[in-house]
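Asker:
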């Protein structure tokens, strides 16, 4: 996935979170509107035109993952956001003693940092920022170099990323977590059927071969 495409997608998703924050749920992200910007709103409209359920579906996804972060950080003190985009969980769901790591493509991460530094009151220091290209670099090595402890359990959040990667990259990431992270670590991720991604089905869950 190109960094330009990743950046555009992240802004559109932020606009979707902003829409449902302003509607009162299911998700709540007070920073989303500022992060999305006008171009994010335009991209959201284009995506919703091609698949109308998408904004509500992504708002539900965000709310569900927020709930898991709140629950699991009662006992796990490391949260890793893989392909973070414009994720704001470190700012919104911070808990004393819990460290958040955001892993993303270098240019996407630089854009995100520029945006959050411009938002009054945004706790930029709430996350440790780790730049990484999933297709070419070992993300776990990059995490360890940034202070991640493989000897302690972690909660890995991989939201809205897998369908933009090659199958090889997805498998490699899953295998790396399984082999390199603490055995009591937890991973949450979403995916779409290959038929939907390739435009051969209108259902993201269509698993026909």
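In the working numbering, the protein residues as written are 1 to 209.
C-beta atoms are modelled at their ideal positions from N, C-alpha and C, and glycine is treated no differently.
First and last residue of the beta strand (DSSP E) that includes residue 99?
Answerer: That run of the beta strand (DSSP E) goes 99-104.
Asker: Thinking C-beta only, is residue 73 closer than 8 Å to residue 98?
Answerer: Contact: yes.
Asker: Per DSSP, what are the beta-bridge partners of residue 156 in this structure?
Answerer: Answer by DSSP bridge pairing, in chain order: 80, 187.
Asker: Output the distance between the C-alpha atoms of residue 146 and residue 12, rounded to the nearest integer angstrom.
Answerer: Distance between the alpha carbons of residue 146 and residue 12: 29 Å.
Asker: Which residues in the same chain as residue 149 place their Cβ atom closer than 8 Å to its Cβ, once the five residues preceding and following it in sequence are excluded?
Answerer: The residues are 78.
Asker: Determine whether the beta carbon atoms of residue 190 and residue 61 lie at a separation below 8 Å.
Answerer: Cβ distance < 8 Å, so residue 190 and residue 61 count as in contact.
Asker: Could you give the uninterrupted runs of the alpha helix (DSSP H) lying entirely in the stretch 33-75, keeping only those of 4 residues or more?
Answerer: Listed in chain order, they are 54-72.
Asker: For residue 26 versus residue 59, is the C-beta spacing smaller than 8 Å?
Answerer: Closer than 8 Å, so yes.
Asker: May I have the straight-line CA-CA distance separating residue 1 from residue 111, to the nearest angstrom?
Answerer: Because residue 1 carries a pLDDT of 49, less than 50, the predicted location of this residue cannot be relied on, and no value is offered for it.
Asker: If you draw a straight line from the C-alpha of residue 28 to the C-alpha of residue 51, how long is it?
Answerer: Each residue's Cα considered, the two are about 22 Å apart.
Asker: Are the CB atoms of residue 127 and residue 90 within a distance shorter than 8 Å?
Answerer: Yes, the Cβ-Cβ distance between residue 90 and residue 127 is below 8 Å.
Asker: Taking a contact to mean a Cβ-Cβ separation below 8 Å, would you say residue 69 touches residue 93 in this structure?
Answerer: For residue 69 and residue 93, yes; Cβs fall inside 8 Å.
Asker: On the DSSP bridge list, what partners appear for residue 131?
Answerer: In DSSP, residue 131 forms a bridge with 104.
Asker: Between residue 8 and residue 173, what straight-line distance do the alpha-carbon atoms span, to the nearest angstrom?
Answerer: Computed Cα separation, rounded: 23 Å.
Asker: Which whole-angstrom value describes the C-beta separation of residue 237 and residue 122, a residue pair presumed to lie in contact below a C-beta threshold of 8 Å?
Answerer: The chain is shown only over 1 to 209; residue 237 falls outside these bounds and no answer can be derived.
Asker: Decide if residue 67 is buried, meaning its Cβ has at least 16 other Cβ atoms within 10 Å, or exposed.
Answerer: Exposed, because fewer than 16 other Cβ atoms sit within 10 Å of the Cβ of residue 67.
Asker: Can you find the residues in the same chain that come closer than 8 Å, C-beta to C-beta, to residue 113, ignoring five residues on each side of it along the sequence?
Answerer: Only 124, 129 meet the Cβ criterion.
Asker: With DSSP run on the structure shown, which of helix, strand or coil describes residue 179?
Answerer: Helix.
Asker: Return helix, strand or coil for residue 118, following the three-state DSSP convention.
Answerer: It is coil, neither helix nor strand.
Asker: Is the beta carbon of residue 156 less than 8 Å from the beta carbon of residue 80?
Answerer: Result yes, Cβ atoms of residue 156 and residue 80 sit closer than 8 Å.
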